[in-house]
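According to the numbering used here, the sequence shown is numbered sequentially starting from 707.
Just so it is clear, CB atoms sit at the ideal spot from N, CA and C, and this is done for glycine as well.
On a predicted model such as this, the values are computed, not experimentally measured, just so you know.
Below is one structure, written out as structure tokens; comments come after it.
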Amino acid sequence: MHEIDRMGMTAVMEETIAYLSHTDGVHLSLDLDGLDPHDAPGVGTPVIGGLSYRESHLAMEMLAEADIITSAEFVEVNTILDERNRTATTAVALMGSLFGEKLK
């Protein structure tokens, strides 16, 4: 989070994508515990001040544009702790962004 706070999500993702672009492909494992509990309350270890909804979508959109992700998993959704399926809905929306859907 320090790098995102200091540099901004766009710069962090540009640096990350540049580094990863020299590989044959990348497996993305997105732990939803890393999102702010306002957007993802249904996780085992909520992190106040985690990634925002918009920061998360920006990261997924940039990964989609880079076309380097070969497989992905979205983990740590706990439906028992979720509030009105907010975490599950956020996860599905993030998957959409990873597949190229843009937020409107």
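According to the DSSP assignment, residue 796 belongs to the alpha helix (DSSP H) that extends over 792-804. Using a Cβ distance threshold of 7 angstroms, residue 763 and residue 803 count as a contacting pair. Each residue's CA atom was taken as its position, placing residue 728 and residue 786 some 40 angstroms apart. Contact between the region 784-801 and the region 736-745 is established, with three or more Cβ pairs separated by less than 8 angstroms. Only residues of its own chain outside the window of five on either side were considered, and among them 747 and 748 have a CB closer than 8 angstroms to the CB of residue 789, listed in chain order. A distance below 6 angstroms between beta-carbons, with the five flanking residues on each side excluded, links residue 751 to the following residues of its chain, in chain order: 739. Between residue 758 and residue 766, the alpha-carbon positions lie close to 12 angstroms from each other.
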